[in-house]
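**Q** Numbering (this note's numbering), first residue to last: 5 to 374.
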Amino acid sequence: MIAGIALGTWTSRIPAIKDGLSLGDGELSLALLGIAGGAITGMQAVGRLIDRYGSRRVMVPVGLLQGAVLVLPAYAPGLPSLAAAMFTFGIVHGVLDVAMNANAVVVERLYAKPIMSSFHAVFSIGGFLGAGVGGLFAHAGASVPMTFGSVAVVTTTIAILCLRWALPDSFDPGRHPEAAAEQVPGRSLAGWVLFLGVLAFCCLVGEGAAADWSSVYLVEDLGAREAVGAAGYAAFSIMMTAGRLAGDWLTARLGPVLLVRCCGGLAGIGLLVTLLIGNQVAGVVGFGLFGAGLSCIIPQVFSAAGHRDPAQSGRALARVASIGYAGLLAGPVLIGAVAELTGKPVALAIPAIMALFVAAAAPALRPARI
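1. Do serine 219 and phenylalanine 240 have their CB atoms nearer than 8 Å?
2. What's the C-alpha gap between leucine 258 and arginine 265?
3. So, is valine 157 buried or exposed, given that buried needs 16 or more other C-beta atoms within 10 angstroms?
4. Does DSSP put alanine 365 in a helix, in a strand, or in coil?
5. Excluding the five sequence neighbours on either side, which residues of its own chain have a C-beta within less than 8 Å of the C-beta of glycine 24, listed in chain order?
6. Can you tell me whether DSSP reads isoleucine 119 as helix, strand or coil?
7. List the endpoints of the continuous alpha helix (DSSP H) containing methionine 47.
8. Taking the Cβ atom as the reference point for each residue, do phenylalanine 152 and valine 75 lie within a distance shorter than 8 Å?
9. Tell me whether glutamate 344 is buried or exposed, calling it buried when 16 or more other Cβ atoms sit within 10 Å of its Cβ.
10. Which same chain residues end up closer than 8 Å to proline 349 when comparing Cβ atoms and leaving out the 5 residues on each side of it in sequence?
11. Rounded to whole angstroms, what is the Cα-Cα separation between glycine 139 and serine 16?
12. Flag this pair as touching only if the region 323–340 and the region 234–254 have three or more C-beta atom pairs under 8 Å; answer yes or no.
13. Under 8 Å: do the region 313–325 and the region 95–110 share three or more Cβ pairs, one atom per stretch?
14. For a test of the three-state rule: what should DSSP assign to serine 317, helix, strand or coil?
15. Just the C-alpha distance for threonine 92 and valine 73, rounded to the nearest angstrom, thanks.
16. Assess contact between the region 46–62 and the region 7–14, defined as three or more Cβ pairs (one per stretch) separated by less than 8 Å. Is contact present?
17. State yes or no: is the C-beta of glycine 212 within less than 8 Å of the C-beta of glycine 58?
18. Check for me: the alpha helix (DSSP H) holding leucine 165 runs from which residue to which?
19. For arginine 17, does the three-state DSSP call read helix, strand or coil?
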């Protein structure tokens, strides 16, 4: 929730920051790259820390920092300082992302039934809340520092209140080195983690494409009004959140392999049929189906990565998240480049085909015996 609120609030005030610093589109893009660079940098470093010290010891201080680093861009006087502030925000956000997923694996292991999708749903809900609160502050004419400062106080308070419930890691490789050695041979584990990263990459290419190109496709190619164009991404986001809320129930009944196979098929076929029909209503429905299909895949990928070898849970999650995050960044650029050559319908077929590939690769998520 905290991570989602912080990211949603930042996103909602980007126009105000851009206007306040008189940034052009290109300059703003450089600042936004700071978040991506920071997140990937943080993810590279955090895996070994989690495996050595435990996810709770990493997650708790970084969770407290999330609100503080949100305030930094509000006081940036220019582009260099804004980029530095966003790089810092990205580091904290990336470290928190991996650490909280690693701790969610601990909770899921002790809970003895699927719960990962619910955690990802709460992140999505936090993003909606952050965007909504930021929009209300903007509507009221509040400054960016007041917006970020107010939200930071709330998120830090929530983090403090939640400290008592954060669970320590249930597996201590220092006490049970033989258990860690018996899980999976290092080379095969590394290849399997890389493949999970590819699956995450495919899914997050789709998320990035939907975020940046769904509205553009509906308006420019299908002649929709801007309000209808916005409804495309709204349908995607709402159905993704709804799918994640139902994801644990579905996982318990279908198992991760069948669930991911069905979800990848729904996402890929839903979007491809939409592109073939080519009208506005089908477009909104299709992006909704695409969101519903993608909703449960990333939680299952992260859960599989964290459970396979408890002694290397942090490193596995960090690698998968890093590769996946690259897809979130590359997706919009890839779609834009292909659209320039072939048109947006053909370009948007790429994430649909990637979703079908994930469906075919679902057996890779078969639970390990742990």
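Beta carbons: idealized from backbone N, C-alpha and C, even for Gly.
**A** So, from the data block:
1. Here residue 219 refers to the residue found at position 215 of the sequence shown. Here residue 240 refers to the residue found at position 236 of the sequence shown. In this structure, phenylalanine 240 does not lie closer than 8 Å to serine 219 by Cβ.
2. Start at 1 with the first residue of the sequence shown, and residue 258 comes out as number 254. Start at 1 with the first residue of the sequence shown, and residue 265 comes out as number 261. In this structure, the alpha-carbon of leucine 258 lies about 10 Å from that of arginine 265.
3. The residue labelled residue 157 in the question sits at position 153 within the sequence shown. Around the Cβ of valine 157, a 10 Å sphere holds fewer than 16 other Cβ atoms; the residue is exposed.
4. The residue given as residue 365 occupies position 361 in the sequence shown. Here alanine 365 sits in coil by DSSP.
5. Sequence index remark: in the sequence shown, residue 24 carries index 20 (1-based). Contacts found: Val148.
6. As a working mapping, residue 119 is identified with position 115 in the sequence shown. DSSP places isoleucine 119 in coil when its eight states are reduced to three.
7. Taking the first residue of the sequence shown as position 1, residue 47 is located at position 43. Membership of methionine 47 in the alpha helix (DSSP H) is indicated by the continuous run 29–57.
8. Taking the first residue of the sequence shown as position 1, residue 152 is located at position 148. Taking the first residue of the sequence shown as position 1, residue 75 is located at position 71. Taking 8 Å as the cut-off, the beta carbon of phenylalanine 152 is found closer than this to the beta carbon of valine 75.
9. Residue numbering aside, residue 344 sits at position 340 when the sequence shown is read from its first letter. By the neighbour-count definition (other C-beta atoms within 10 Å, threshold 16), glutamate 344 is an exposed residue.
10. In the sequence shown, counting from the first residue as 1, residue 349 sits at position 345. Tyr221, Asp225, Leu279 and Gly282.
11. Within the sequence shown, the letter at position 135 stands for residue 139. Within the sequence shown, the letter at position 12 stands for residue 16. When the Cα atoms are used, glycine 139 and serine 16 turn out to be separated by approximately 6 Å.
12. Contact fails: fewer than three Cβ-Cβ distances are below 8 Å.
13. The region 313–325 vs the region 95–110: in contact.
14. Position 313 of the sequence shown holds residue 317. If DSSP states are grouped into helix, strand and coil, serine 317 belongs with the helices.
15. To locate residue 92, count along the sequence shown from 1; it is residue 88. To locate residue 73, count along the sequence shown from 1; it is residue 69. Cα-Cα distance, rounded: 7 Å.
16. Here the region 46–62 does not lie against the region 7–14, with fewer than 3 beta-carbon pairs under 8 Å apart.
17. Locating residue 212 in the sequence shown gives position 208, where the first residue counts as 1. Locating residue 58 in the sequence shown gives position 54, where the first residue counts as 1. Here glycine 212 is not near glycine 58, since their CB atoms are 8 Å or more apart.
18. Numbered from 1 along the sequence shown, position 161 holds the residue referred to as residue 165. Here the alpha helix (DSSP H) through leucine 165 covers 148–166.
19. As a first step, residue 17 is located in the sequence shown; it is residue number 13 there, counting from the start. Collapsing the DSSP output to three states places arginine 17 in coil.
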